[in-house]
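The structure under discussion appears below in the form of structure tokens.
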Amino acid sequence: MMFRAEKKISTEIFFIILCVFFLQPEAAEDYQSAMVALKNGKTAEAKTVLNSLYKKNPSDPLLKLRYATTSPCSTANTLYQEICKAENVPDSVKAEAFGRLGDYNYAIRSYTKAAEYYRQASIKSKDSQYKHKWAMASMLSGDIEAAKSLWHTLTLEYGDQISQKSWYYLGLLHLKQTQYQDAYDCFSKSGKTDPGNSWTVAALACKYECAIRLGLNDKVKTYREQLAIYKNTILESDILQPLVVSEKKIKPDSESVKPVTGPDSTPLYTLQVGAFGSVENAAKLQSALNKIFKDVTVIAVTLEEKVFYRVRVGTFSSREDAELFGNESLSKSGYSYKIVQK
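Each residue of the sequence shown is one higher than the last, beginning at 774 in the working numbering.
Below, the structure written as structure tokens:
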């Protein structure tokens, strides 16, 4: 499987090299100078060169893609659409075209369309940025569950920094829904505070807010002291500002922490370990977990005509029991998780 993936990537790189190779030496040199101009923000200069190259070879998808980046929105959208619909175009080129269409629709606040274009881009490319943008567009379109599933997938399938950043965005979703304990748990997995990774400072500010609302007085003091060195530089001033005013006024919101139950019912909790767009990937994780744990289930959830498969472990009578099992068993076995109510 890895060999086929590497072969596919090599084929795409080879195609792009060929696109440049078959240009005349002077044209190839012009192409490279246009790329340098684009990188340096000299769009007008790049546009002149790429316009000339594209007119000489309009069937070249890579030239069409690069020319589109310097064109007016209406022209660019038409060119990106042509690339997306064309056959025999490398996935990497199509992914960028879908991504550009997503960016355009995101900019004009057409978030549902943007989410679909980012979804298409993520099919063509494993680049995590497309899945992240898909989650952002889904959230802004009102599809909170889809956004949660996507960011949770990113916490599991990619490297540490991407995983930590995704935990931060998951925390923001929970915070927006006043689910302070879930938010706090997510922010706690966002990585060690480091100004070089801006989301970690924002996550510290958010942990501070959650701690206030949850009544974690010892944590409030710790986080306040840690935040002191960032108060004049933190970009997320909209997060910090209300905390300075409201810290002593906010009381723990017990209703947001404890799930609502009927007189004859007791809430049950489980640990969600993964969320996938393919049943095969969910089944693989389920199989791996079954070798270590009992009561591993896969639940199919349909969001915007897209089916997600959520892998869950265990059934617990309290959040505390679930957290204890997660920390002592799942975490030590190398699995990330989040606590959800059944």
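For glycine and all other residues, C-beta sits at the position ideal for the given N, C-alpha and C.
The structure displayed is predicted, hence computed values, not measured ones.
Straight-line Cα distance separating residue j from residue i
i	j	result
K812	L874	20 Å
S961	A976	8 Å
S936	I917	19 Å
P1025	S1090	Confidence in P1025 is poor, its pLDDT being 37 and thus under 50, which makes the residue's placement unreliable; the coordinate value appears in the next sentence. Distance between the alpha carbons of P1025 and S1090 is about 22 Å.
W924	K829	43 Å
G915	V822	42 Å
L927	K899	11 Å
S1104	N850	46 Å
I942	Y853	Per the sequence shown, the amino acid found at residue 942 is Tyr instead of Ile. The alpha-carbon atoms of Y942 and Y853 are separated by roughly 29 Å.
D955	H947	6 Å
M912	S1102	32 Å
A841	R986	49 Å
K949	S901	24 Å
L1062	A819	52 Å
P1040	K1115	7 Å
K897	V993	45 Å
S865	R839	13 Å
D833	S922	37 Å
Y1110	L945	17 Å
N1100	Q1059	19 Å
F1049	E889	17 Å
A1095	T1088	8 Å
Beta-carbon proximity check, residue i vs residue j, cutoff 7 Å
i	j	result
R1085	T1043	yes
Y1003	A984	no
W940	S963	yes
Y879	A910	yes
Y1082	V1113	no
L826	L836	yes
Those residues which DSSP pairs with residue i across a bridge
i	result
D967	N970
Y853	Paired residue(s): none; Y853 is not in a bridge.
L1044	V1086 and I1112
I985	Per DSSP, none; premise fails for I985.
V1069	V1086
V1121	This structure does not reach residue 1121, given that the chain is present from 774 up to 1115, and the question cannot be answered.
F1049	Y1082
Other residues of its chain near residue i: CB distance less than 6 Å, five sequence neighbours each side excluded
i	result
Y1108	V1046
S883	none
E860	none
D1011	Low local confidence applies: a pLDDT of 40 at D1011 is under 50, so the model's placement there is unreliable, with the coordinate-based value given in what follows. Closer than 6 Å at Cβ, skipping near neighbours: no residue.
I1072	R1083
Neighbourhood of residue i by C-beta distance below 7 Å, restricted to the same chain and skipping five residues each side
i	result
T816	T843
V974	T966, P968, Y1003 and I1007
T885	S914
Residues of its chain near residue i, where Cβ-Cβ distance is below 8 Å and the 5 sequence neighbours each way are ignored
i	result
Q999	T966 and L977
S1120	Because the chain in this structure spans residues 774 to 1115, residue 1120 falls outside the shown range and cannot be described.
C857	K867, A870, F871, L874 and Q893
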